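Residue numbers (our numbering), protein chains in the order written: chain A, 1 to 307; chain B, 1001 to 1930. Positions of the beta carbon are idealized from the N, C-alpha and C atoms, including for glycine. It should be emphasised that the depicted structure is a prediction, and the values quoted were computed from it without experimental measurement.
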Amino acid sequence: MSGSNAAAGTSNGGSGDAGGAARRNRMPKYSKFTQQELPACKPILTPKWVVSVFFLVGVIFVPIGVVSLLAARDVVEIVDRYDEACVPGNMTENKLAYIQNSTISKTAQGLSRYVKSRNDAQLRDAKKANQTSACEPERTTADGKPIVPCGLIAWSLFNDTYSFTRGNENLTVDKKDISWKSDREHKFGKDVFPSNFQNGSLIGGAKLNPDIPLSDQEDLIVWMRTAALPTFRKLYGRIYVDLKENDTITVNLLNNYNTYSFGGKKKLVLSTATWLGGKNSFLGYAYLSVEIDVLCIGFTCKLQDLV
Amino acid sequence: MASERPLLTITPGASTPDEAPSPRPPAASQLPPAQPEPPLRPDRLAFSVEVPDPFCPSRRGDGPDPSASSQREREDDGDGGESRAVTIGDPLTSEAFPGNSIRTAKYSVLTFLPRNLFEQFRRLSYIYFLVITVLNQLPQVAVFGRGASVLPLAFVLFVTAVKDAYEDFRRHRSDRQENNRLASVLVPGTDSEFQPKKWKKIRVGDVVRMASSETLPADMVLLATSDPSGVAHVQTVNLDGETNLKTRYAKQETQVRFSQNGSIGGVLHCERPNRNIYGFQANLEIDDNRVSLGPSNIVLRGCELKNTTWAIGVVVYAGKETKVMLNNSGAPSKRSRLETQLNRETVILSIMLIGMCTTASVLAGIWVLNHRGELEFTQFFREKDYTTGKNYNYYGVGMQIFITFLMAVIVYQVIIPISLYISMELVRLGQAYFMGADKDLYDESSRSKFQCRALNINEDLGQIRYVFSDKTGTLTENKMEFQCTSIHGVDYSCGKDTDRYSVVVGDHLWTPKMAVKIDPQLVKLLRNGGTNKEAKLVLEFFIALAACNTIVPLVLNTRDHKQKLIDYQGESPDEQALAYAAASYGIVLVERTSGYIVIDVLGDRQRFDILGLHEFDSDRKRMSVIVGCPDQTVKLYVKDKLQNGVPEAIESLRQADIKVWILTGDKQETAISIGYSYGTSLVYILETELQEELFELATQCSVVLCCRVAPLQKAGIVALIKNRTDDMTLAIGDGANDVSMIQMADVGVGISGQEGRQAVMASDFSMGQFRFLVPLLYVLYTAFTLTTAITEWSSLLYTVLYTSLPTIVIGILDKDLSKATVLAYPKLYGSGQRDEKYNVNMFVLNMLEALWQSLVVFYIPYFAYKQSTIDISSLGDLWALAPVIVVNIQLAMDIIRWNWIIHAFVWGTVSATTICLFVIDSIWVLPGYG
């Protein structure tokens, strides 16, 4: 790394004192930063300190865990797999119900050839209908017209439908506002209409009404927000009718969507809505187990410290 | 003199020969017959240390290496065809020998790109990144955007290339300056017509005339000098680091012939170019006589002619064959141990990566095989593109497995993060800045602060086991002071007041350059024109001090016309100290030629003719001079002045179990006296023939002293330790003679002291004084914790990417993190505490910890959101944020001292990442928008 070399150095060798006065003062300036003398605290992990932290964490986690568990217990959730035997039997519900369908444990929605097969510009802007890059193998029709919405994700749109009756009474399923508001407003254009969609020789899933703009095709919007995990749930709609205990609800469904080809499963989920989201006691148990662990360690440390 | 040689034309630019009317030089017969040609410190030629020469492949062997001297003999005894013949004044016959241009630059404009890239790609991980980048360019495999994947590697390569280019540009510039310097060279064919010639044009056989204070362009045999006896003084500070003047001689045969004819012809046979600075064997055929030439007849490139008005020599070795260039073993690129380890771990990680990818592709293969028939209809796979009828990115099962493998490689590549290297660079840069800015490492007297000249080995400072030190000027400041004296049994301690004694010469006032503390009692004794015996003894003592040496007084001009400074130049600092001491007491050495000396004794100028001179040697431990006045012998007691804090530093190093070896080219006595001054240290003078024994014995000792070590032997000793142990070595020195040693050691430290700045240029670090070594070493123990954090983080990132998050999130994430790590280090640096070595066990432990953390980071959100409608980008954000928090908490646990900057950066990173995620998610062009 030497900038000079042995021989070059000879030119400046020798007279050390002559240049001494001329040399500028290179004394580093004093500041607390450069001298690394900034006020600093030096926490030392004493047993007392560690034990108190453990106890503190334990105490904080108790209410969180308990509340989560209680909330999860309040959620009423009925899950039934219907792709094997089609329609399930009776369900009892109360309060407001969400309908979710949970598709398939074996989907490869995370597969990159699938996830990337879409074009967001086309969905947003009517003028960019021709932008179908990355949409293979659903880019254009055989005669070269662009497909809107293009790509495998849209093409494989879920198309099972459900209707619910209690006795003779039809339960209206509200399919408004099941998608993200920001998606409707910004990602899917109000002036973008489906065209050439699902016209090919192979039908992947649902067809779209070409007279409704994409921003109102909420099933599509929900579907296009790809899931993170192979087993996923998608919101189908809401029932704003209080369901009572022992009510019998009949579900009529059209089993259109083909999951048999890849061995996937389809389930219908009826659930009440709480702040926790769904019936999931994992978080509650996780908090409680961490809390118990931490308290145990804390006590052990405390005991060792005392002994 | 000029009148006697009218043919000598003076060329412009060259300084005129001294025409001062000096008395006719004594004829050769008048010189002391015993020493017509005093050998140049013959003791220098005896080497007693046997070391393997790492640069000479022919000497590599299992058996003990022959000594340097015996090797030289062997070479000389060998076939005569290996010597070279040089015709004096006729460079044309020596066309075959290389010219005098030197080249230290690595690249030319054309070769820069390929060579620099080649050197950069010697880093294993760069090749890895290159492969990843290339893979990502394949359309079937591409996971990330093409441009995005090129950027990081291109950035790193570009920054390094710019840095290298700048360094090489500076080397080019200094090469050019060096090559274009002018020297006055005899025009071939003419008798004495000298013309300025560029150094690079000088060839072997050219006759060059040098003036005082000129730097010599090549290795030359002296033919004649301005001194009638043929003496020339040279300063070899750039060669062996010694500031004192050395005397070289032109042979009487050539000297006389030159003064008679004004020109010299003849053929010179000399040995092949070699590295031995203190050895030279040749003979000169002149007038059918054979004159043998030795090391005292050659002056080497890089030396400066001093105190000699002019000298004429013939070039025997030029350019890269000069001894100084041969000794400049070239800076081998040093790698820090950490980097070596990193390279190894890169290999381990690569194997893990291949394992992971194989698993992934095999699983994918099984799935594809099982669903072979259904692939065509599966919504999520869709084998065919029905509009074209062709397969859509599907090339059969085998190919599918292969492509899955490649894609997995790209997805999992982050297991070895390129940003690790970027952040390492930045950390080092920061460390270098703080080292330079540290007031504790600033040397007041030389106004030099700590310089970090090679960034890549900072971490190694924390692992030093062996310290190799040069004695001269490193441990000692190379300054001696007259402290006290004992004259005829009477002790005189030094006084407090310093007083300069000046001599009036004509209308000028001559003052010695250095003032010495004087004892008023002694002054009184001297000034009162002592008639008693005591005063007489004291006077004689000081005259002896002034006379009995090889000091050459140089008269320097000052700003004041009337004032002149006398600078005493001599072979050893003790002589200088004594001469200055005598001068302070009023006995001023004013002039010295080979025949007489002039001493101003209390205002009375006296001339002493030198009748005989016996130089100092270690057996007699005294020096004698027979002058026209009474004979004097003086025994000297002067202690070398140790640099501030050196014993403490060495003691402290020993406590840290760091072994200190002191390698010196100096006299044994000085070395031993320094050795004793450490008190308990063990002194061992190396005289063994067997390096095996040397090694075994020496490794038992905590302090080892080696004397009379040539530059390359110094390097050899360092290489010996380096090859035989795994321990880290550090070499510290200040002279050009330490350059090879500094370059050989794992860490080289140059001291910008008295002996020029050669060592500084070659070193990795430079500092003002030896004692700065201690804080430097201790303070840097902590550099390792950084890497552990980074390695973990890399594994965590792997988890993040495992879920194939959008690249951009990663990009921002990793930027934040490197910033955090960089700025988290001041505490690491400042804490000054020791840390355990970053070794393989630590690595495995870290990997396991990282694995656990990544499992937690992955599965807690996974289970928490398992039965929800969460989409990939929301969960991805969570997965991106979690490791950032984990890593920062991990880092926080490693931090020992918290100050507000660290607080700001650790917590700032967490919040910055959160903010970044929000920003990314609210920009509608990005897929994560929502």
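Q: Determine the chain B residues that contact Ala126 of chain A at a beta-carbon separation under 9 angstroms, and present them in chain order.
A: Numbered from its first residue, the first sequence carries residue 126 of chain A at position 126. Ordered by position in chain B, no residue passes the 9 angstroms Cβ test against Ala126 of chain A, which lies about 16 angstroms from the chain.
Requested in this report: Can you say whether Leu1845 of chain B is buried or exposed, counting buried as having 16 or more other CB atoms within 10 angstroms of its CB?
Outcome: Here residue 1845 of chain B corresponds to residue number 845 of the second sequence, with the count starting at 1. Around the beta carbon of Leu1845 of chain B, a 10 Å sphere encloses fewer than 16 other beta carbons of the protein chains shown; the residue is thus reported as exposed.
**Asked** Counting along the chain, where does the beta strand (DSSP E) carrying Asp1219 of chain B start and finish?
**Response** On the second sequence, position 219 is the one that residue 1219 of chain B refers to. First-last of the beta strand (DSSP E) with Asp1219 of chain B: 1219–1225.
At which residues does the alpha helix (DSSP H) containing Glu218 of chain A begin and terminate? Here residue 218 of chain A refers to the residue found at position 218 of the first sequence. Glu218 of chain A -> alpha helix (DSSP H) spans 218–224.
Original post:
Taking Cβ-Cβ distances below 9 angstroms as the criterion, which residues of the region 210–235 of chain A are in contact with chain B?
Top reply: Of all residues in the region 210–235 of chain A, Val222, Arg225, Thr226, Ala227, Ala228, Leu229, Thr231, Phe232, Arg233, Lys234, Leu235 have a Cβ within less than 9 angstroms of some Cβ in chain B.
I think Lys190 of chain A touches Pro210 of chain A, with their Cβ atoms under 8 angstroms apart; what is that distance to the nearest whole Å? The count along the first sequence starts at 1 and reaches residue 190 of chain A at position 190. The count along the first sequence starts at 1 and reaches residue 210 of chain A at position 210. The pair is not a contact, with the Cβ atoms about 15 angstroms apart (cut-off 8 angstroms).
Using beta carbons (cut-off 8 angstroms, strictly below), is Leu70 of chain A in contact with chain B?
For the purposes of this step, residue 70 of chain A is taken as residue 70 along the first sequence, with counting starting at 1. By this cut-off, Leu70 of chain A is not an interface position.
Using 8 angstroms as the Cβ pair cut-off and three pairs as the minimum, do the region 1217–1229 of chain B and the region 1243–1254 of chain B touch? The region 1217–1229 of chain B and the region 1243–1254 of chain B touch, with no fewer than 3 CB-CB distances between them shorter than 8 angstroms.
For Lys267 of chain A, the nearest candidate out of A:Phe158, A:Ser68, A:Arg225, A:Pro47 (CA to CA)
As a first step, residue 267 of chain A must be located in the first sequence, where it is residue number 267. Nearest option by C-alpha distance: A:Phe158.
Q. For Ser1584 of chain B, which of helix, strand or coil comes out of DSSP?
A. Mapped onto the second sequence, residue 1584 of chain B falls at position 584. Helix, per DSSP.
- Look at the Cβ atom of Ile1935 of chain B, then the Cβ atom of Phe1258 of chain B, and state whether they are nearer than 8 angstroms. With chain B represented from 1001 up to 1930, any question about residue 1935 of chain B goes unanswered, as that position is not in the structure.
Tell me the residue span of the alpha helix (DSSP H) that contains Cys296 of chain A.
Taking the first sequence and counting its residues from 1, the one referred to as residue 296 of chain A is at position 296. Taken as a continuous stretch (DSSP letters only), the alpha helix (DSSP H) holding Cys296 of chain A covers 282–306.
- Within 10 angstroms of its Cβ, does Ala1085 of chain B collect 16 or more other Cβ (buried), or is it exposed? Taking the second sequence and counting its residues from 1, one reaches residue 1085 of chain B at position 85. Classification for Ala1085 of chain B: exposed.
Check: What's the C-alpha gap between Asn170 of chain A and Thr248 of chain A?
Finding: Counting from 1 along the first sequence, the entry for residue 170 of chain A is found at position 170. Counting from 1 along the first sequence, the entry for residue 248 of chain A is found at position 248. For Asn170 of chain A and Thr248 of chain A, the distance between alpha carbons rounds to 12 angstroms.
*Cβ shell of Asp305 of chain A (< 8 angstroms), same chain only, five flanking positions each side left out*: Start at 1 with the first residue of the first sequence, and residue 305 of chain A comes out as number 305. The beta carbon of Asp305 of chain A is closer than 8 angstroms to those of Pro47, Lys48, Val51 in its chain, skipping five residues each way along the sequence.
Worksheet entry | Per-residue DSSP class, three states only, for Thr231 of chain A | As a first step, residue 231 of chain A is located in the first sequence; it is residue number 231 there, counting from the start. Under the three-state reduction of DSSP output, Thr231 of chain A falls in the coil class, being neither helix nor strand.
Requested in this report: Assuming Gly1230 of chain B contacts Val1314 of chain B (C-beta within less than 8 angstroms), just tell me the rounded distance between them.
Outcome: Numbered from 1 along the second sequence, position 230 holds the residue referred to as residue 1230 of chain B. Numbered from 1 along the second sequence, position 314 holds the residue referred to as residue 1314 of chain B. Taking C-beta atoms under 8 angstroms as the contact rule, Gly1230 of chain B and Val1314 of chain B fail to qualify, at a distance of about 14 angstroms.
Fill in: Integer Cβ distance of Asp1871 of chain B from Arg225 of chain A, believed to fall under 8 angstroms
Position 871 of the second sequence, counted from the start, is the residue given in the question as residue 1871 of chain B. Position 225 of the first sequence, counted from the start, is the residue given in the question as residue 225 of chain A. Sure, about 4 angstroms apart at Cβ, within 8 angstroms.
> Under a CB-based cut-off of 8 angstroms, is Lys1198 of chain B close to chain A?
Replying inline: As a first step, residue 1198 of chain B is located in the second sequence; it is residue number 198 there, counting from the start. No, because no Cβ of chain A sits closer than 8 angstroms to the Cβ of Lys1198 of chain B.
Discussion item. Strictly by DSSP, which residues pair up with Lys1246 of chain B?
Written reply: The residue labelled residue 1246 of chain B in the question sits at position 246 within the second sequence. BP columns for Lys1246 of chain B point to B:Val1234.
Between Lys1323 of chain B and Leu1245 of chain B, how many whole angstroms is the CB-CB distance? I'm expecting something under 8 angstroms. Here residue 1323 of chain B corresponds to residue number 323 of the second sequence, with the count starting at 1. Here residue 1245 of chain B corresponds to residue number 245 of the second sequence, with the count starting at 1. About 19 angstroms; that fails the 8 angstroms criterion.
Quiz item: Of all the options A:Ile297, A:Leu152, A:Asn199, A:Val269, which has the alpha carbon lying nearest to the alpha carbon of Asp120 of chain A?
Solution: Locating residue 120 of chain A in the first sequence gives position 120, counting from the first residue. Closest in alpha carbon position to Asp120 of chain A, among A:Ile297, A:Leu152, A:Asn199, A:Val269, is A:Leu152.
Environment of Gly1756 of chain B [buried if 16+ CB atoms lie within 10 Å]: The residue labelled residue 1756 of chain B in the question sits at position 756 within the second sequence. Confidence is the limiting factor: at Gly1756 of chain B the pLDDT is only 38, short of 50, which leaves the residue's position unreliable, though a coordinate-based value still follows. Result: buried.
Asp1871 of chain B touches chain A at which residues, Cβ-Cβ below 8 angstroms? Along the second sequence, read from residue 1 onward, the residue named residue 1871 of chain B stands at position 871. In chain order: Arg225, Thr226, Ala227, Ala228.
Task: C-beta contact flag for Gly1365 of chain B and Ile1403 of chain B at 8 angstroms - done: Against the second sequence, residue 1365 of chain B aligns to sequence position 365. Against the second sequence, residue 1403 of chain B aligns to sequence position 403. Contact flag unset, no.
Fill in: Through-space distance from Gly58 of chain A to Ile64 of chain A, alpha-carbon basis
On the first sequence, residue 64 of chain A is found 64 positions in, with the first residue counted as 1. On the first sequence, residue 58 of chain A is found 58 positions in, with the first residue counted as 1. Rounded to the nearest whole angstrom, the CA to CA distance from Ile64 of chain A to Gly58 of chain A is 10 angstroms.
Give the DSSP bridge partners of Leu1182 of chain B, in chain order.
-> Indexing the second sequence from 1 puts residue 1182 of chain B at position 182. Note: Leu1182 of chain B sits in a beta bridge opposite B:Lys1198.
Fill in: Whole-number beta carbon distance between Tyr1568 of chain B and Ala1581 of chain B, since they are thought to touch under 8 angstroms
Counting from one through the second sequence, the residue named residue 1581 of chain B turns up at place 581. Counting from one through the second sequence, the residue named residue 1568 of chain B turns up at place 568. Actually they are not in contact, since the Cβ atoms of Ala1581 of chain B and Tyr1568 of chain B sit about 11 angstroms apart, beyond 8 angstroms.
- Could you tell me whether the Cβ of Lys1323 of chain B comes closer than 8 angstroms to any Cβ of chain A? Reading the second sequence from its first residue, position 323 is the one you call residue 1323 of chain B. At least 8 angstroms separates the CB of Lys1323 of chain B from every CB of chain A.
Notebook entry, point to check: Using the beta-carbon count (16 or more within 10 Å), is Ser1584 of chain B buried or exposed?
Noted result: Position 584 of the second sequence, counting from 1, holds the residue named residue 1584 of chain B. Here Ser1584 of chain B is buried, its C-beta having at least 16 other C-beta atoms within 10 Å.
* Helix, strand or coil: which one does DSSP assign to Gly1205 of chain B? -> Your numbering for residue 1205 of chain B matches position 205 in the second sequence. Gly1205 of chain B carries a coil assignment under DSSP once its states are collapsed to helix, strand and coil.
- Message: Buried or exposed for Cys150 of chain A, going by 16 or more other Cβ atoms inside 10 Å?
- Response: Counted from its first residue, the first sequence places residue 150 of chain A at position 150. With 16 or more other Cβ atoms from the protein chains shown falling within 10 Å of its own Cβ, Cys150 of chain A counts as buried.
Notebook entry, point to check: Sorted by chain position, which residues of the same chain lie with C-beta nearer than 6 angstroms to Ala1161 of chain B's C-beta, five sequence neighbours on each side aside?
Noted result: In the second sequence, the residue the question calls residue 1161 of chain B occupies position 161. Contacts found: Asn1116.
Worksheet entry | Inter-stretch contact at 8 angstroms, needing at least 3 Cβ pairs: the region 1288–1298 of chain B / the region 1211–1222 of chain B | The region 1288–1298 of chain B, when compared against the region 1211–1222 of chain B, does touch it at the 8 angstroms Cβ threshold.
Burial state of Cys296 of chain A, where buried means 16 or more other Cβ atoms lie within 10 Å: Here residue 296 of chain A refers to the residue found at position 296 when the first sequence is read from its first residue. The C-beta of Cys296 of chain A has fewer than 16 other C-beta atoms within 10 Å across all chains shown, which makes the residue exposed.
field: Rounded separation between Glu1050 of chain B and Arg1103 of chain B - CA only
entry: Counted from its first residue, the second sequence places residue 1050 of chain B at position 50. Counted from its first residue, the second sequence places residue 1103 of chain B at position 103. The predicted position of Glu1050 of chain B is uncertain, since its pLDDT is 33 and thus under 50; a value taken from the coordinates is nonetheless stated next. Per the coordinates, the alpha-carbon of Glu1050 of chain B lies some 32 angstroms from the alpha-carbon of Arg1103 of chain B.
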